[in-house]
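What follows is one structure encoded as structure tokens, with my remarks underneath.
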Amino acid sequence: MFLLRHAPTPATRSFAFPADESPDSRGLRAAAELRAPAHAEVICSPAARCRATAAAADLTVDSIEPALAECDFGSWAGRRLGELVAERPEETRRWMTDPDAAPHGGESLREFSARVASWLERQAGGDGSCLAITHGGVVKVAVVHALGAPIEAFWKVDCAPLSRTELHADGDGWRLTSVNVPAAAKTRSRPAPAATAVGG
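Those letters in the sequence shown? Residues -3 to 196, per this note's numbering, in order.
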């Protein structure tokens, strides 16, 4: 299982909660360098930024998977984290410390994590390779799930735009092979941890 975070958007560059926006022109040019692993099924989040990333890379999407959508940030979609911290300090603090909190009216971290983990478990028994074009939050949940780590570890995982994370399924569940690796075809080395936006 290869998990690819989509190309950067204005929201990822400004540390904002994502709305359903397409990548910017710089992000699409970078996405054009991507290549799918040989013989991998390509599945994609329904979000415009993921579908546009696939199109820029000239990848044929085999299916759209709603479970690969980013966390639903409700009324916070499109807003910058810094603005919300200034306006609603208690709500944002609760969101970052309580995995059951959803002050924005969307999904809590626990609900979001359960959705992604359920999809991963359904995929574990499959054959062959899969490239999933998805979001930073989905990748972070997948890493936490594969490691069997507590849900709070979500905040300790980096996932840069156009990075690839690799998981392998065996009889004991998922094994983590690599995290946050640049996904461009000519780039094979692992990067230093990079700051990422709140979601996307």
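Heads up, the beta-carbon is just placed ideally off N, CA and C, and yes, glycines get one too.
| said: I'd like the ranges of any beta strand (DSSP E) spanning at least 3 consecutive residues and lying wholly in the region 129 to 173. | reply: Complete beta strand (DSSP E) runs here, min 3: 159 to 166.
| query | So, does the CB of Leu30 fall closer than 8 Å to a CB anywhere in chain B? | reply | Any reference to chain B falls outside this structure, which holds one protein chain only.
| query | Tell me which same chain residues have a C-beta within less than 6 Å of the C-beta of Val140, skipping the five on either side of it? | reply | Taking the sequence shown and counting its residues from 1, the one referred to as residue 140 is at position 144. So the list reads Ala149, Phe150, once near-sequence residues are dropped.
| field | Distance between beta carbons of Arg1 and Gly132, contact taken as under 8 Å | value | Here residue 132 is taken as the residue at index 136 of the sequence shown, counted from 1. Here residue 1 is taken as the residue at index 5 of the sequence shown, counted from 1. Between Gly132 and Arg1 a beta carbon distance of about 5 Å is seen, short of the 8 Å cut, so the two are scored as contacting.
| query | How big is the Cα-Cα spacing for Asp94 and Thr88? | reply | Within the sequence shown, numbered from 1, the residue matching residue 94 stands at position 98. Within the sequence shown, numbered from 1, the residue matching residue 88 stands at position 92. Those two C-alpha atoms are separated by around 10 Å.
| message | Checking the sheet assignment: what are the DSSP bridge partners for Pro178? | response | Counted from its first residue, the sequence shown places residue 178 at position 182. For Pro178, the beta-bridge partners assigned by DSSP are Ser159.
| message | I'd like to know if the region 149 to 164 and the region 59 to 68 are in contact, where contact means that at least 3 CB-CB pairs between them fall below 8 Å. | response | The region 149 to 164 is not in contact with the region 59 to 68.
| query | Is Arg45 buried or exposed, if buried means 16 or more other CB atoms sit within 10 Å of its CB? | reply | Taking the sequence shown and counting its residues from 1, one reaches residue 45 at position 49. With 16 or more other Cβ atoms within 10 Å, it is buried.
| said: Quick check: the Cα distance between Gly101 and Arg160, rounded to an integer number of angstroms? | reply: Indexing the sequence shown from 1 puts residue 101 at position 105. Indexing the sequence shown from 1 puts residue 160 at position 164. The alpha-carbon separation between Gly101 and Arg160 amounts to approximately 30 Å.
| Looking at the unbroken beta strand (DSSP E) that takes in Phe(-2), where does it start and where does it end? | What you label residue -2 is simply residue 2 of the sequence shown in a count that begins at 1. Where Phe(-2) is concerned, the enclosing beta strand (DSSP E) stretches over -2 to 1.
| query | Which parts of the region 33 to 110 are runs of the alpha helix (DSSP H), unbroken and 4 residues or longer, counting only runs that do not cross its ends? | reply | Along the region 33 to 110, the alpha helix (DSSP H) occurs as fully enclosed runs of 4 or more residues at 44 to 52, 77 to 83, 85 to 93, listed in sequence order.
| If we count the other Cβ atoms within 10 Å of its Cβ and call it buried at 16 or more, is Thr173 buried or exposed? | Counted from its first residue, the sequence shown places residue 173 at position 177. Per the 10 Å Cβ criterion, exposed.
| said: Does Ala26 come out as helix, strand or coil in the three-state DSSP assignment? | reply: Here residue 26 refers to the residue found at position 30 of the sequence shown. Secondary structure at Ala26: helix, using DSSP grouped into helix, strand and coil.
| request: Output the distance between the C-alpha atoms of Met(-3) and Ala50, rounded to the nearest integer angstrom. | output: Along the sequence shown, one-based indexing puts residue -3 at 1. Along the sequence shown, one-based indexing puts residue 50 at 54. Cα to Cα, the separation comes out at about 16 Å.
| query | From what residue to what residue does the alpha helix (DSSP H) around Thr5 run? | reply | Sequence index remark: in the sequence shown, residue 5 carries index 9 (1-based). Note, Thr5: premise wrong, no alpha helix (DSSP H); not H, not E.
| request: Output yes or no for whether 8 Å exceeds the beta carbon distance between Glu37 and Cys126. | output: Walking along the sequence shown from the start, residue 37 turns up at place 41. Walking along the sequence shown from the start, residue 126 turns up at place 130. Taking 8 Å as the cut-off, the beta carbon of Glu37 is found closer than this to the beta carbon of Cys126.
| query | If you run the structure through DSSP and keep just helix, strand and coil, what is Ala113? | reply | In the sequence shown, residue 113 corresponds to position 117, counting from 1. Helix.
| message | Whole angstroms are fine: how far does the CA of Ala97 sit from the CA of Ala82? | response | Taking the first residue of the sequence shown as position 1, residue 82 is located at position 86. Taking the first residue of the sequence shown as position 1, residue 97 is located at position 101. Ala82 and Ala97 have their C-alpha atoms some 19 Å from each other.
| message | Rounding to the nearest angstrom, what Cα-Cα distance links Ser185 and Ala28 in this structure? | response | Numbered from its first residue, the sequence shown carries residue 185 at position 189. Numbered from its first residue, the sequence shown carries residue 28 at position 32. Residue confidence for Ser185 is low, a pLDDT of 35 falling below 50, so the modelled location carries little weight and cannot support an answer.
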